[in-house]
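Numbering (our numbering), first residue to last: -9 to 328.
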């Protein structure tokens, strides 16, 4: 029997183990039970037969420019197809408008000086809660300032006189009266103008969905209160994510494909078109009527290819309109589709 050389060693235990591959017995496409010639999709990593291997988007909005893709027959709906191939949505910049002076909606009262001071110290306290030395130095400095002011009351009296002189010189402007705006009437007018544009292009009119209007109106109010303009709210929720908590889903099955999700158009308008100043003071506004606000909103959407595509989309059969007015006289309009 031949002996092995003492320096010859076997390194088979160092070779990497073969990866386990799950056994796929049929195509992942619904109603397809093909078991031969299966391949993996490069986007969703699922196995499909050669007939259903091609990927397509799961829904049309908001990728309107890729509409021919999700109409391909025998292609499987791939959730990862659009995020890996589509370009990001670019909202066109809006023309800046001058800021008004009088808010149209009731705003919360301005916090008092004591509330601001209490809030300031509260923030600083939580900031220094993990730093005991800094907290101690801050407290000592605060006590030292209070003791110094106690020994020198003339500084407090001087500050009181300055504040009194400032309050005497402050004059509050009453502003210019503005017309009363009914947001419900603007919503209905926008809905009628949208259906007019669809009928011009040979499409069926959209139904005004009350529940969908509540979702759109809530987003407009949120933008008006927090002063932002985006399809995503401050919690990073898109239209579909905002509709789910409200119990609203938009799933449509067309046989070879299906859509799931809400489409959305937003627009930022103004209560006035121009402002007149006299000696540096606002003397008059050129207020827009409700019809002018509605018509300029729809015409602005129709001038944008992406917004126009949503309005003239053949798969949509209902919509919701929500209008809200901010404290700086901006009109926020949200239009949700299903």
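Beta carbons are placed, not taken as given, at the ideal position from N, Cα and C, and that holds for glycine.
Does the Cβ of residue i have 16 or more other Cβ atoms within 10 Å, making it buried, or fewer, making it exposed?
| i | result |
| --- | --- |
| residue 192 | exposed |
| residue 196 | buried |
| residue 71 | buried |
| residue 8 | Note on residue 8: pLDDT 48, under 50, position unreliable in the model; no value is reported. |
| residue 288 | buried |
| residue 232 | buried |
| residue 327 | buried |
| residue 112 | exposed |
| residue 236 | exposed |
| residue 273 | exposed |
| residue 139 | exposed |
| residue 300 | buried |
| residue 129 | exposed |
| residue 205 | buried |
| residue 148 | exposed |
| residue 207 | buried |
| residue 256 | buried |
| residue 259 | buried |
| residue 234 | exposed |
| residue 165 | Bear in mind that a pLDDT of 49 at residue 165, under 50, signals an unreliable position, so the number given afterwards is only what the model happens to contain. Residue 165 should be labelled exposed. |
| residue 152 | exposed |
To the nearest angstrom, report how far apart residue i and residue j are at their CA atoms.
| i | j | result |
| --- | --- | --- |
| residue 308 | residue 254 | 12 Å |
| residue 25 | residue 62 | 23 Å |
| residue 275 | residue 268 | 12 Å |
| residue 34 | residue 104 | 58 Å |
| residue 245 | residue 281 | 41 Å |
| residue 318 | residue 240 | 34 Å |
| residue 133 | residue 126 | 11 Å |
| residue 225 | residue 302 | 30 Å |
| residue 21 | residue 262 | 57 Å |
| residue 209 | residue 190 | 29 Å |
| residue 178 | residue 41 | 47 Å |
| residue 106 | residue 99 | 13 Å |
| residue 320 | residue 271 | 20 Å |
| residue 39 | residue 29 | 6 Å |
| residue 265 | residue 292 | 27 Å |
| residue 161 | residue 188 | Reliability fails at residue 161, whose pLDDT of 40 lies under 50, so the model's placement of it is uncertain and the value that follows must be treated cautiously. Looking at the two C-alpha atoms, the distance is approximately 52 Å. |
| residue 31 | residue 247 | 17 Å |
| residue 66 | residue 305 | 19 Å |
| residue 184 | residue 217 | 26 Å |
| residue 290 | residue 136 | 59 Å |
| residue 167 | residue 48 | 51 Å |
| residue 36 | residue 18 | 7 Å |
| residue 186 | residue 221 | 25 Å |
| residue 219 | residue 150 | 42 Å |
| residue 101 | residue 110 | 12 Å |
| residue 46 | residue 108 | 57 Å |
| residue 212 | residue 69 | 29 Å |
| residue 243 | residue 277 | 46 Å |
| residue 11 | residue 180 | The predicted position of residue 11 is uncertain, since its pLDDT is 45 and thus under 50; a value taken from the coordinates is nonetheless stated next. Approximately 56 Å between the Cα atoms of the pair. |
| residue 215 | residue 316 | 6 Å |
| residue 182 | residue 285 | 10 Å |
| residue 23 | residue 44 | 17 Å |
| residue 314 | residue 199 | 18 Å |
| residue 337 | residue 249 | Within the shown structure, residues of the chain are numbered from -9 to 328, placing residue 337 beyond reach of any answer. |
| residue 223 | residue 251 | 16 Å |
| residue 194 | residue 296 | 19 Å |
| residue 15 | residue 64 | 20 Å |
Go to residue i, then tell me how far its beta strand (DSSP E) extends in each direction, as first and last residue.
| i | result |
| --- | --- |
| residue 243 | 241 to 243 |
| residue 273 | 271 to 277 |
Got a sec, what are the start and stop residues for the alpha helix (DSSP H) residue i sits in?
| i | result |
| --- | --- |
| residue 258 | Here residue 258 belongs to no alpha helix (DSSP H); instead the beta strand (DSSP E) covers 253 to 260. |
| residue 192 | Taken as a continuous stretch (DSSP letters only), residue 192 belongs to no alpha helix (DSSP H), as it is neither H nor E. |
| residue 283 | 280 to 292 |
| residue 101 | Unbroken run through residue 101: none, as it is neither H nor E. |
| residue 229 | 229 to 233 |
| residue 296 | 295 to 301 |
State the beta-bridge partners of residue i as determined by DSSP.
| i | result |
| --- | --- |
| residue 327 | 253 and 309 |
| residue 25 | Looking at the DSSP assignment, residue 25 forms no beta bridge with any residue, so it has no partner. |
| residue 66 | 45 |
| residue 197 | 308 |
| residue 264 | 276 |
| residue 321 | 259 and 315 |
| residue 168 | For residue 168, which the question treats as bridged, DSSP gives no partner whatsoever. |
| residue 38 | 29 |
| residue 248 | 243 |
Answer yes or no: does any C-beta atom of chain D fall closer than 7 Å to that of residue i?
| i | result |
| --- | --- |
| residue 174 | Annotation note: the requested chain D is absent from the structure, which comprises a single protein chain. |
Any contact of the stretch 172 to 187 with the stretch 129 to 149, i.e. 3+ C-beta pairs under 8 Å?
no
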